[in-house]
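Protein chains in written order, with this note's numbering: chain A, 1 to 225; chain B, 1001 to 1419.
First up is the structure itself, then whatever we jot down about it.
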Amino acid sequence: MSQKILEAKNITKYFEDPVKVQVLNDINFSINKGEFVSLTGKSGCGKSTLLYVLSTMDTDYEGSIYIDQDEMPKNDEGYLAKIRNEKIGFVFQFHYLLNEFDVLNNVMLPGLKLNKYSKEKIEHRAYEKLKLLGIEHLALKKANQLSGGEKQRVAIARALINDPHIIMGDEPTGNLDKKNSDLVFDIFKKLAHEYNQTLLIVTHDPSFADRTDRIIKMEDGKIIS
Amino acid sequence: MKKGILINIAKALLLARWRQTLVAAIGVTFSITMFVTLLGFMNGLNDLLDGLILNRTPHIKLYNDIKPNANQPIKNAAAYKEKYHFIQSIKSDANKQAIYNSQAIMNSLKKDERVVGFTQKLTAQVFFINGTTDITGVLNGVNAPEEIKLFHFNDYVVAGNAADLEKESNTIILGKSLAEKLLVNLGDVIQLSTARGDRFQLKVVGYFQSGLKDIDMVQSFASIHTVQKIMNKPNSFVTELDVKLKDINLSIPTAKEYAQLYQTDAEDIQTANAQFETGSSVRSIISYAVGITLLIVAGFGIYNILNMMIFEKMDSIAILKATGFSGKDVKSIFMYIAMSIGFFGGLAGLLFGFILSSIIDQIPFVTAALPTVKTFPINYSIIFYIIGISFSLITTYFAGWFPARKASKIDPVVIIRGK
Ligand SMILES: Nc1ncnc2c1ncn2[C@@H]1O[C@H](COP(=O)(O)OP(=O)(O)OP(=O)(O)O)[C@@H](O)[C@H]1O
Ligand SMILES: [Mg+2]
């Protein structure tokens, strides 16, 4: 049952700028399918850095990353893009949406890129995801006409469109008020427990972290618990 | 499907900045408009000037130059072999001007595969009698129908009809300036005298205007038989054979061959008018240079706008990359943007270029030198339009390539962190 979705082995990373500093120091952990994990730690301890490495966007590290038991190559940009498209959903602190498109198209975009289903099917799926997040009535609005909380929910819907193995979030509630934070948390929880969705969320908010299944704590580039 | 989504994204980015896009496209449109118009106009001029000289110049002219006998008797005297010869006892003979055995040459030319046609010509020095003064002139005996067919003689007969020379005997076509000098009108009879003093009366049936005043002041035309009669020469007497070839580029070797074969002088059009070719190619080079310069400027416009767009859309590019679009996809998106500016701007440029050419084509351009031309000449060759659109696509391709590559290399982590 405990199928490993994400595994990090001996992840070490240095920044050269301006002097060589070690940001990540021999990180080892794994996440099983359906787990709702939060990653916490003091500011500057390397959480975001670790998340970018895990998301395959940053390939400048030592060690190995396994997504769905496949080791990620470090120099095949096209392949990694495909992995991000198909297997990883990403939610940022600042809800990056494409302002040129409406909500529906923003959600559909990674699906169209994956090109696994027909356009009609993708549109239907996008509506389902929006409904799941309670924002289907916003489908035809322009992305820049939404409130912060709404944008963040659209970003989550977009992360879900290709049924990814794992959703990663870098402080997705960091910019939201308590009410919207709770809303987003409830959505994550529902995804994890009702849809068996794996989640790895970086957060500063202790009340958020406490309610997740498991907390990974970092300090100075190391995992301490 | 996958291409479709990239094109959709490109379209959305384009429309989001449609003002700047329009400015870039107008830059391309403007340069292609100028390019097509300039080439059309310059080549129209080239055609016109080529026509002016090349159309009525024989490709090969067979004639006998008046020159002293190359084989002077003194050369045969062994005692003076190494000396300079002051004595040239055998003088040039005007009778030698006639082409020897012209009938045989004409029969042989008729059979020659390379020849479109040829005309005979006979030139005589005459004096036009104008009251108490005589005006020197040249009377050309021509075969009018052939001359019209091969060398567009009719284009330069501005009044009357060139064909009348053959229909009526004792008729003449005068150079326009000459006619004005002689104060004669169509239908009038003029008197002329030959170098030997014989007098003849000829009826004026037309005016000739070549565009070159020096020629129009002295030249006149009559049928070849009339001139033979005036000169008191037999029917076979011709001084020049003008040959038109199927391929003008063969004129040099063919002329050499004829000179050997027929034992005459042979002048080819390429040697005689080399400077015209130079003028034509210089005009073409100038129009290409101006067109390409304009396009390069337009290319920098596209380059700038794409750079600006990429700078503004960093977030969008980061998002696309984070959600699974590869660097190649991002590059394609920006290449689509550049190429569509080039394509649509270029297409509009072709259209406006055609319109502008048509307008120039309507502008009156009347000059005494060119009697057949009424408006500015334009060449509407499809080639210029094909070159125009290809140039615009190539320029925009390169203008788009560098910004697109820059966009494809954007590191999403840097952008996402930067917030
Ligand atoms: N591009 C970079 N070059 C050099 N040092 C960097 C760079 N990016 C981050 N750092 C440093 O690496 C360390 C870890 O940064 P990171 O953003 O991972 O921290 P974080 O845990 O996410 O902090 P926060 O909770 O404030 O977001 C910090 O000390 C930071 O200054
Ligand atoms: Mg961080």
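Note that beta-carbon positions come from the ideal geometry of N, C-alpha and C, so glycine has one too.
Query raised in the report: Would you say A:Met108 reaches chain B, if we count a Cβ-Cβ gap shorter than 7 Å as a contact?
Result: As a first step, residue 108 of chain A must be located in the first sequence, where it is residue number 108. Judged by the 7 Å Cβ criterion, A:Met108 is not in contact with chain B.
**Report entry** Runs of beta strand (DSSP E) lying entirely within the segment 1030-1064 of chain B, each at least 3 residues, in chain order
**Finding:** If we require 3 residues or more, the beta strand (DSSP E) runs fully inside the segment 1030-1064 of chain B come out as 1060-1063.
Requested in this report: Show which residues of chain A have a CB atom less than 8 Å away from the CB atom of B:Gly1299.
Outcome: Mapped onto the second sequence, residue 1299 of chain B falls at position 299. When 8 Å is used as the limit between beta carbons, B:Gly1299 is near no residue of chain A, the shortest such separation being about 25 Å.
Query raised in the report: Counting only beta-carbon atoms, is A:Asn175 nearer than 7 Å to chain B?
Result: Here residue 175 of chain A corresponds to residue number 175 of the first sequence, with the count starting at 1. Taking 7 Å as the CB threshold, A:Asn175 stays off the interface with chain B.
Requested in this report: My understanding is that B:Phe1384 touches B:Gly1040, with C-beta atoms under 8 Å, so please give their C-beta distance in whole angstroms.
Outcome: In the second sequence, the residue the question calls residue 1384 of chain B occupies position 384. In the second sequence, the residue the question calls residue 1040 of chain B occupies position 40. 6 Å between Cβ atoms; contact.
Query raised in the report: Closer than 5 Å from C-beta to any heavy atom of ligand 1: which residues, in chain order?
Result: Taken from the N-terminal end onward, the list reads A:Phe15, A:Asp17, A:Val23, A:Ser43, A:Gly44, A:Cys45, A:Gly46, A:Lys47, A:Ser48 and A:Thr49.
Requested in this report: Report the three-state DSSP secondary structure of A:Asn105 (helix, strand or coil).
Outcome: Within the first sequence, numbered from 1, the residue matching residue 105 of chain A stands at position 105. Three-state DSSP puts A:Asn105 in a helix.
Query - Contact list for the segment 1323-1336 of chain B against chain A, Cβ threshold 9 Å - result: Residues Thr1323, Gly1324, Phe1325, Ser1326, Gly1327, Lys1328 and Asp1329.
Query raised in the report: Any idea what DSSP makes of B:Ala1159, helix, strand or coil?
Result: Taking the first residue of the second sequence as 1, we reach residue 1159 of chain B at position 159. It is a strand residue.
Requested in this report: Output, in chain order, the set of chain B residues within a Cβ distance shorter than 7 Å of A:Gly78.
Outcome: Locating residue 78 of chain A in the first sequence gives position 78, where the first residue counts as 1. Under the 7 Å cutoff, chain B gives Ser1326 and Lys1328.
Query raised in the report: If you scan the segment 60-144 of chain A from start to end, which runs of the alpha helix (DSSP H) of 4 or more residues do you find wholly inside it?
Result: Correct list: 77-87, 103-114 and 119-132.
Query raised in the report: In angstroms, rounded to a whole number, what distance separates the CA positions of B:Glu1086 and B:Gln1263?
Result: Mapped onto the second sequence, residue 1086 of chain B falls at position 86. Mapped onto the second sequence, residue 1263 of chain B falls at position 263. The displayed chain sequence assigns Phe, not Glu, to residue 1086 of chain B. B:Gln1263 has its alpha-carbon roughly 27 Å from the corresponding atom of B:Phe1086.
Query raised in the report: According to DSSP, is B:Tyr1100 helix, strand or coil?
Result: Taking the first residue of the second sequence as position 1, residue 1100 of chain B is located at position 100. Residue state, collapsed to three classes: coil.
Query raised in the report: Counting contacts by CB-CB distance shorter than 7 Å, is A:Ala81 in contact with chain B?
Result: Numbered from 1 along the first sequence, position 81 holds the residue referred to as residue 81 of chain A. Cβ-Cβ to chain B under 7 Å: yes for A:Ala81.
Requested in this report: Determine, using beta carbons only, whether A:Met57 comes closer than 7 Å to chain B.
Outcome: Position 57 of the first sequence, counted from the first residue, corresponds to residue 57 of chain A. Taking Cβ atoms only, chain B reaches closer than 7 Å to A:Met57, which makes this a yes.
Query raised in the report: Counting contacts by CB-CB distance shorter than 7 Å, is B:Ile1410 in contact with chain A?
Result: Taking the first residue of the second sequence as 1, we reach residue 1410 of chain B at position 410. Cβ-Cβ to chain A under 7 Å: no for B:Ile1410.
Requested in this report: Determine the contact status of B:Lys1244 and B:Val1116, defining contact as a CB-CB distance below 7 Å.
Outcome: Walking along the second sequence from the start, residue 1244 of chain B turns up at place 244. Walking along the second sequence from the start, residue 1116 of chain B turns up at place 116. Yes, Cβ-Cβ distance for B:Lys1244 and B:Val1116 is below 7 Å.
Query raised in the report: Can A:Tyr79 and A:Ile11 be called in contact, C-beta distance under 7 Å?
Result: Within the first sequence, residue 79 of chain A is the residue found at index 79, counting from 1. Within the first sequence, residue 11 of chain A is the residue found at index 11, counting from 1. Contact check for A:Tyr79 against A:Ile11 fails: the beta carbons are separated by 7 Å or more.
Requested in this report: Using a Cβ-Cβ cut-off of 7 Å, state whether B:Asp1315 counts as contacting chain A.
Outcome: Reading the second sequence from its first residue, position 315 is the one you call residue 1315 of chain B. It does; some Cβ of chain A falls within 7 Å.
Report task. Evaluate contact between the segment 1346-1354 of chain B and the segment 1020-1038 of chain B, counting only Cβ atoms and requiring at least three cross-stretch pairs below 8 Å. Result -> Touching, per the Cβ criterion.
Query raised in the report: What residues are listed by DSSP as bridge partners for A:Ser38?
Result: Residue mapping note: residue 38 of chain A aligns to position 38 of the first sequence, counting from 1. According to DSSP, which records beta bridges pairwise, A:Ser38 is partnered with A:Ile201 and A:Ile215.
Query raised in the report: What is the C-beta distance between B:Val1227 and B:Ala1124, in whole angstroms, given that I count them as a contact (C-beta under 8 Å)?
Result: What you label residue 1227 of chain B is simply residue 227 of the second sequence in a count that begins at 1. What you label residue 1124 of chain B is simply residue 124 of the second sequence in a count that begins at 1. Going by Cβ atoms, the distance from B:Val1227 to B:Ala1124 rounds to 6 Å, so yes, they are a contact pair.
Query raised in the report: At a CB-CB cut-off below 8 Å, which residues of chain A make contact with B:Ala1407?
Result: Within the second sequence, the letter at position 407 stands for residue 1407 of chain B. Within 8 Å Cβ-Cβ: nothing; B:Ala1407 doesn't reach chain A, min ~14 Å.
Requested in this report: Round the Cβ separation of B:Thr1194 and B:Val1126 to the nearest angstrom and send it over; I've been treating them as touching at under 8 Å.
Outcome: Sequence index remark: in the second sequence, residue 1194 of chain B carries index 194 (1-based). Sequence index remark: in the second sequence, residue 1126 of chain B carries index 126 (1-based). The distance from the Cβ of B:Thr1194 to that of B:Val1126 is about 6 Å, consistent with a contact at the 8 Å cut-off.
Report task. Tell me, please, whether the CB atom of A:Leu200 is closer than 7 Å to any CB atom in chain B? Result -> Position 200 of the first sequence, counted from the start, is the residue given in the question as residue 200 of chain A. Closer than 7 Å: no.
**Report entry** When A:Ile161, A:Thr203 and A:Tyr52 are compared against A:Gln197, the one with the closest alpha-carbon
**Finding:** Position 197 of the first sequence holds residue 197 of chain A. Ranking A:Ile161, A:Thr203 and A:Tyr52 by Cα distance to A:Gln197 puts A:Ile161 first.
Query raised in the report: So what does B:Tyr1380 bridge to, in DSSP terms?
Result: As a first step, residue 1380 of chain B is located in the second sequence; it is residue number 380 there, counting from the start. Note: B:Tyr1380 is not bridge-paired with any residue in the DSSP secondary-structure output.
Requested in this report: Measuring alpha carbon to alpha carbon, tell me which of B:Val1218, B:Phe1334 and B:Asn1043 ends up nearest B:Asp1361.
Outcome: Position 361 of the second sequence, counted from the start, is the residue given in the question as residue 1361 of chain B. Here the closest residue by C-alpha is B:Asn1043.
Query raised in the report: What residues in the segment 90-104 of chain A bring their beta carbon closer than 9 Å to a beta carbon of chain B?
Result: Flagged, chain order: Phe90, Phe92, Gln93, Phe94, Tyr96, Leu97, Leu98, Asn99, Glu100 and Phe101.
Requested in this report: Below 8 Å CB to CB, which residues in the same chain sit around A:Pro73 once its five sequence neighbours on both sides are set aside?
Outcome: As a first step, residue 73 of chain A is located in the first sequence; it is residue number 73 there, counting from the start. The beta carbon of A:Pro73 sits closer than 8 Å to the beta carbons of Tyr79 and Leu80 from its chain, once the five residues preceding and following it are set aside; these are given in chain order.
Requested in this report: Find the residues of chain A that neighbour B:Ala1016, judging by a C-beta separation of less than 9 Å, and give them in chain order.
Outcome: Counting from 1 along the second sequence, the entry for residue 1016 of chain B is found at position 16. Asn99 and Glu100, listed in chain order.
Report task. Verify the CB distance criterion: does A:Leu138 have a CB-CB separation below 7 Å to chain B? Result -> Here residue 138 of chain A refers to the residue found at position 138 when the first sequence is read from its first residue. No, A:Leu138 does not count as interfacial toward chain B.
**Report entry** Within chain B, the residues that A:Phe214 reaches when beta carbons sit closer than 7 Å
**Finding:** Here residue 214 of chain A is taken as the residue at index 214 of the first sequence, counted from 1. Checking the sequence shown, residue 214 of chain A turns out to be Arg, not Phe. Here the premise fails: no neighbours, minimum Cβ distance about 25 Å.
Query raised in the report: Near B:Ile1009, what residues of its chain come up, given a Cβ to Cβ distance below 7 Å and the 5 sequence neighbours on each side ignored?
Result: Here residue 1009 of chain B refers to the residue found at position 9 of the second sequence. Non-local C-beta neighbours of B:Ile1009 in its own chain, meaning closer than 7 Å and more than five positions away in sequence, comprise Ile1333, ordered along the chain.
Query raised in the report: Can you tell me whether B:Asp1214 is buried or exposed, with buried defined as 16 or more other CB within 10 angstroms of its CB?
Result: Taking the second sequence and counting its residues from 1, one reaches residue 1214 of chain B at position 214. Exposure of B:Asp1214 is indicated by the presence of fewer than 16 other C-beta atoms within 10 angstroms of its C-beta.
**Report entry** C-alpha distance - A:Ala249 paired with B:Tyr1336, whole-angstrom precision
**Finding:** Residue coverage of chain A in this structure runs from 1 to 225, which leaves residue 249 of chain A outside it and unanswerable.
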